[in-house]
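Taking it in order: structure first as structure tokens, then the write-up.
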Amino acid sequence: MTNSLRIAAYNVEWFASLFDEDDQLVLDDSWSARHGVVKRRQAEAVAEVVRAVDADVMLIVEAPNDGRHQSCVTALERFVDRFDLRQSKAMIGFSNGTTQELALIYDPARVAVRHDPRGAKWAPPRSGRRLRLEKLGPLARAPRFDGVLPLDIDEDGLVDLHQFSKPPVEAEVSIGDHILRLIGVHAKSKAPHGAKDDEGAVRLQIANRRKQLAQCEWIRRRVDQHLDEDQHVIVLGDFNDGPGIDRYERLFGRSGVEVAMGDISNPDRLLRNPYVKARLHPDFGWRPATARFYNRRTKGYLNALIDFIMLSPRLAAEAKASWRIWHPFDDDRCFKDEEMKQALLDGSDHYPVSVDLTFG
Numbered sequence: 026m027t028n029s030l031r032i033a034a035y036n037v038e039w040f041a042s043l044f045d046e047d048d049q050l051v052l053d054d055s056w057s058a059r060h061g062v063v064k065r066r067q068a069e070a071v072a073e074v075v076r077a078v079d080a081d082v083m084l085i086v087e088a089p090n091d092g093r094h095q096s097c098v099t100a101l102e103r104f105v106d107r108f109d110l111r112q113s114k115a116m117i118g119f120s121n122g123t124t125q126e127l128a129l130i131y132d133p134a135r136v137a138v139r140h141d142p143r144g145a146k147w148a149p150p151r152s153g154r155r156l157r158l159e160k161l162g163p164l165a166r167a168p169r170f171d172g173v174l175p176l177d178i179d180e181d182g183l184v185d186l187h188q189f190s191k192p193p194v195e196a197e198v199s200i201g202d203h204i205l206r207l208i209g210v211h212a213k214s215k216a217p218h219g220a221k222d223d224e225g226a227v228r229l230q231i232a233n234r235r236k237q238l239a240q241c242e243w244i245r246r247r248v249d250q251h252l253d254e255d256q257h258v259i260v261l262g263d264f265n266d267g268p269g270i271d272r273y274e275r276l277f278g279r280s281g282v283e284v285a286m287g288d289i290s291n292p293d294r295l296l297r298n299p300y301v302k303a304r305l306h307p308d309f310g311w312r313p314a315t316a317r318f319y320n321r322r323t324k325g326y327l328n329a330l331i332d333f334i335m336l337s338p339r340l341a342a343e344a345k346a347s348w349r350i351w352h353p354f355d356d357d358r359c360f361k362d363e364e365m366k367q368a369l370l371d372g373s374d375h376y377p378v379s380v381d382l383t384f385g
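Structure, rendered in structure tokens:
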């Protein structure tokens, strides 16, 4: 028997703005947080995109808010019910308090999904003594994603304590006899929000990259744990980074995405994604992109490769993995379908990424 599976990730720009305080979908002609698009149209466009991608499991980045008075799961399940989407169930990991949650929607007739975080809670010593990594113990190496990670990211002898503002969602996904470990990510943005001048912007961008690299190192350590247990691993989501994306990458030698993928000197443990190589070594000028942002200064658009699905090596090989970026202009099928193209443009400033897996 052959089992096929489609996994996708989709960053829906400010999805939370489409719901009221009671998690009810707002379908009116008031403006959404998506520039120039009303709420009714954005919701319809997102539904069109989700239906077309037709994933068995989809990570929603910037999912609706979750907290004391709101439920991300309730909002998402109301959304899929309103548009009669087959991904009828939703799952959230750790609520993050940013109104941009990480959640999964999935088809329960095709897969079983459960929140399954790994790692232990670790807290730094209360003493004021300087932290020394070699004395912190194994729990501090890869703590649970809603905890704290001690790390000397730039090897200057100083140990910083790092946290996720949006802890990755960890799930166990089962289809038949196959079990996959899924890690959904929305990594730290490097944008210098709050900078008052160019010098301040540089300082913020460097500081934010240090935080982001620490988050990606943390994710990589979890990946290594799963690989040590010979498990299939999928890391997916919005990394707010990509290979060669800005000049600050030279300060640290690698992008955050490359850190999460692994060490190129150990190819048997390197996560697979075809677009990273294509970005670093473009053929015939082709540079894949997953997002399109308007630049007010140049009055044009910036294309960026920042959304990824990365697979563990054995999974990519055994499941005959096939990747796709649902880009309205670069993907031929999307470009030729006028309704789909417009839905992609109206739904978000990011486009879905997907991978098809076939298990023999």
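For the sequence shown, the working numbering assigns the number 26 to the initial residue and increments by one for each residue that follows. Idealized CB from N, CA, C, for every residue including glycine.
Scanning its chain for C-beta atoms nearer than 8 angstroms, with the 5 sequence neighbours on each side dropped, one finds around residue 293 the residues 338, in chain order. In the three-state reduction of the DSSP assignment, residue 190 falls in the coil class, being assigned neither a helical nor a strand state. Between residue 379 and residue 32, the beta carbon gap of about 7 angstroms places them in contact (Cβ cut-off 8 angstroms). The Cβ-Cβ distance between residue 261 and residue 34 falls below 8 angstroms. In terms of Cβ geometry, residue 206 and residue 136 do not form a close pair [threshold 8 angstroms].
Note on residue 123: under 16 other CB atoms within 10 angstroms of its CB, so exposed under the neighbour-count rule.
In this structure, DSSP gives residue 170 a state outside helix and strand, which the three-state scheme calls coil. Straight through space, the alpha carbons of residue 208 and residue 145 are spaced by roughly 16 angstroms.
The Cβ atoms of residue 264 and residue 331 lie closer than 8 angstroms to each other. With respect to residue 267, residue 341 sits apart: the two C-beta atoms are not nearer than 8 angstroms. Residue pairing from DSSP places residue 383 in a beta bridge opposite 29. DSSP places residue 233 in the uninterrupted alpha helix (DSSP H) bounded by 223–253. In this chain, the alpha helix (DSSP H) harbouring residue 360 covers 357–361.
When 371, 381, 377, 376 are compared, the shortest CA-CA separation from residue 56 is found for 371. Under the three-state reduction of DSSP output, residue 199 falls in the strand class. The alpha carbon of residue 311 has as its nearest neighbour, out of 318, 319, 112, 301, the alpha carbon of 301.
The residues 177, in chain order, have a CB closer than 8 angstroms to that of residue 183 in the same chain once the five nearest residues on each side in sequence are set aside. The segment 111–139 is shown to contain no whole alpha helix (DSSP H) run of 4 or more residues.
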